[in-house]
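Step one of this worksheet: look at the structure below.
Residue numbers (this note's numbering), protein chains in the order written: chain B, -1 to 96; chain V, 51 to 536.
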C-alpha cells in the first residue's frame, strides 16, 4: 500500500474530460484543494484489511422478468415533451461526426 | 399524556390524533394550506405549486363525500412531495438548473399510490441539488430556512419537505434518503422522518442519486400519519426490481401496540464527537423510553467509524453513473448547436452546481482503473462488514439508538468546506449502507434549536420502530413543541 494519494492539476483536467464537465483556470485551484482534502479522508479505509467479499446489493436478488407480451408504450407526444430540439419525428442533437 | 385507544378504522384514529379535524370541507382545507404557504414563503420550502390540481382533487373528494361514496385512506390530507419524485404534468427540478424546465410525463409509483388513496398533492418541495447535500443550501432555488430559526439551515437534502411539515402548511410530506436526507431535516425541524428498509418502497419515478442507497419515506408531525403514509406507499412494484415481496403490515395498528420489554442498544461510537448539548437531550429521551418499559444497554460497533468514507465513495461512484444521462437533450433540453460533444460539456458545466460537479468528479475517480480496487471495491467490503455487524447486533437488540445529527442546526453559509458538510452525515450513513429502516424523532431543544433521536430497526421491521416511536410520542407530547403550527 503506497502513500497518500494526491491528484495533480493535469489529472483533474483528465477526469473532468471523462465527466464531460469543463473546469476553468479560476476553478481549478479550489477544486484541487477540495478534492485532495476529501481523498485524504477517503484514505482512512484504504489501509483496512478486510477479508469479506464486497457488497453491492443489500436486497434479495429478484428474478423479475415479465412475460414476453406487448405492454404499454409512451405516446409519441409524451416522448417529445421535454426534448430540446425536434424535427417532425426526429430528436435533433448537435453534430456527432466530424 | 393519555394513550390513544385503538379504534375501528384509520379515519377515527387520525381524528383522535387531531389530523383530520372531523373532516371539514377539503376545498377549504386546500385554500387554507395555500394561504399558510404564502404566509411562510420566506422559508422557501416550495419550488412549484399545483393549485389547480389540488383544488380539483379536493372538489372531486367533496363530490364523492356528498354522494356517500367510500374514500381512500388519505382522503383530505394535504401532502408535499420532494422535487426529485416524478409527478406527471408538474415540473420536477431536483432543485437543479439542469431540470429547470423538466415536466415528467408519468407519475412515480408512490405518487400513483397516494392519488389512488385520495391524498391531495399541493406542491413540490425544495431540496439540495440532486439530493446532494445535508442542509438544502446547494439548491439552485436558494436555501430553505429552519422553521425555528430562519437564519439557520433546515437540514437536507429534504429540507423543504421537513419545513413544509413543521410549519403546518401540509400534514404529510414525502422525502428521500440516501445518506440521511429524511432524518437530518426531520431532526432539525422537530418533526418525524422515517427512512424505510431498502426495497420497502418503490424507487420507480425517483430521480436517482445512489441507486443502492436511495429510499423514499414519509415525514409528518406525529407518528400515526407517518405510519399511514408508509402503509400507502410501501409494497412490491414490478417496475422496480429492487422492491421486496415481503408483505406490508398494517403499520398504524402495529404502532399502537405496547413496547414493553423491547431492547434498545445505544451505539457507543454514535456518541463520540457529538456536541454535548445534543447528547444530553438524547440521554433524556432514552430515559423516557426506559420509564415506558424498554430495556436500554450500551453497545459497541467499531466498524461504524468507517461508514462515512465508505458511504461517500459508493454514493459518489453511483451518482457519477446516474447523472451521465443529463446531456441537455432529453430532460428539458436546449436547441442543438455546433458539435454535440461541445454542447454536452457546455450544458453540464453550466447547469450542474459545484457540489454536484465535485461528486461526479470524485465518483469517476474512485471507479477509474488503478484506483477502483483501493477505493470503490474497498468501500464495498466495508459495506458488507457494517451490514454483518448490524445483523449481529439485532440478535441481542430490537432497536439501536444514536443522535440523528452530531450538532445543532448551523447558520446558513456557516460551514467552510465540503468535507465539513460530509461529516454532518456521520450518524446516518451506516443505515443506508446496510439497507436498514430508521426514524428520527423530536428529542427536545438545546439553545432553542431542535435535536433529533435516531432509532434504527432490523430489515423490514418498521413496525417495531413505529411502536417504540408512538409510545415515545405519547409520553413526551412532542407534537405540541411545534407551537401553533397547522
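We put the beta carbon where it would ideally sit given N, CA and C, even for glycine. Values in this document were obtained by computation on a predicted structure and should not be read as measured data.
Contact between the region 145 to 162 of chain V and the region 376 to 385 of chain V is present: 3 or more CB-CB pairs across the two stretches fall below 8 angstroms. By the Cβ test, the region 101 to 113 of chain V is not in contact with the region 183 to 191 of chain V, since fewer than three Cβ pairs between them sit closer than 8 angstroms. For the region 14 to 34 of chain B, the set of residues with a beta-carbon nearer than 7 angstroms to any beta-carbon of chain V comprises 14, 16, 17, 18, 19, 20, 32, 33, in chain order.
By the Cβ neighbour-count rule, residue 24 of chain B is exposed, with fewer than 16 other Cβ atoms within 10 Å of its own. At least 8 angstroms separates the beta-carbon of residue 136 of chain V from that of residue 104 of chain V.
Under the 8 angstroms criterion on CB atoms, residue 395 of chain V is classed as interfacial with respect to chain B. The DSSP-derived three-state label of residue 210 of chain V is helix.
Residue contact with chain V for residue 42 of chain B: present (Cβ-Cβ distance below 8 angstroms to some residue of chain V).
Where residue 413 of chain V is concerned, the enclosing alpha helix (DSSP H) starts and stops at 404 to 416.
Look at residue 251 of chain V here: in three-state DSSP terms it is strand.
Under the Cβ criterion of 8 angstroms, residue 430 of chain V is counted among the residues facing chain B. Chain order gives the chain B residues near residue 392 of chain V as 92, where near means a beta carbon separation below 8 angstroms. Taking 8 angstroms as the threshold, the shortest C-beta distance from residue 98 of chain V to chain B does not fall below it.
For residue 516 of chain V, the closest C-alpha among the options V:197, V:307, V:493 is that of V:307. Ranked by Cα distance from residue 154 of chain V, the first of V:282, V:170, V:167, V:174 is V:174. In this structure, the CA atom of residue 66 of chain B is about 52 angstroms from the CA atom of residue 197 of chain V. Listed by position along chain B, the residues whose Cβ is nearer than 8 angstroms to that of residue 414 of chain V are 13, 16, 17.
At a cut-off of 8 angstroms between beta-carbon atoms, residue 6 of chain B makes no contact with chain V. In terms of Cβ geometry, residue 430 of chain V and residue 57 of chain B do not form a close pair [threshold 8 angstroms]. Taking each of V:475, V:523, V:511, V:457 in turn and checking the Cα distance to residue 499 of chain V, the smallest one comes out for V:457. Just so you know, the alpha carbons of residue 397 of chain V and residue 20 of chain B end up roughly 10 angstroms apart. Taking 8 angstroms as the CB threshold, residue 402 of chain V lines the interface with chain B.
Taking 8 angstroms as the cut-off, the Cβ atoms of residue 532 of chain V and residue 270 of chain V do not count as close. Nearest CB-CB separation between residue 74 of chain B and chain V: not below the 8 angstroms threshold. Proximity of chain V to residue 87 of chain B at the Cβ level (cut-off 7 angstroms) is not reached, the minimal Cβ distance being about 15 angstroms. The three-state secondary structure of residue 227 of chain V, taken from DSSP, is strand. Excluding residues up to 5 positions away in sequence, 146, 147, 179, 188, 190 lie with their Cβ nearer than 8 angstroms to the Cβ of residue 403 of chain V in the same chain.
One Cα belongs to residue 6 of chain B, the other to residue 300 of chain V, and the distance between them is close to 55 angstroms. Listed along chain V are 153, 155, each with a C-beta nearer than 8 angstroms to that of residue 79 of chain B. Residues of the region 44 to 71 of chain B whose Cβ lies closer than 8 angstroms to any Cβ of chain V, in chain order: 44, 46, 48, 50, 51, 52, 53, 54, 55, 56, 57, 58, 60, 62, 64. Judged by their CB atoms, residue 364 of chain V and residue 409 of chain V are not nearer to each other than the 8 angstroms cut-off.
Within the region 254 to 266 of chain V, 262, 263 place their CB atoms closer than 9 angstroms to a CB of chain B, listed in sequence order. For secondary structure counted as the beta strand (DSSP E) over 3 or more consecutive residues, the region 110 to 141 of chain V holds these complete runs in sequence order: 128 to 132. With respect to residue 124 of chain V, residue 164 of chain V sits close: the two C-beta atoms are nearer than 8 angstroms. Setting aside the 5 residues that flank it on each side, residue 312 of chain V is surrounded in the same chain by 343, 344, 345, 448, 449, 514, 517, 518, each with a C-beta closer than 8 angstroms to its C-beta; the list follows chain order. A distance below 6 angstroms between beta-carbons, with the five flanking residues on each side excluded, links residue 366 of chain V to the following residues of its chain, in chain order: 409, 412, 413.
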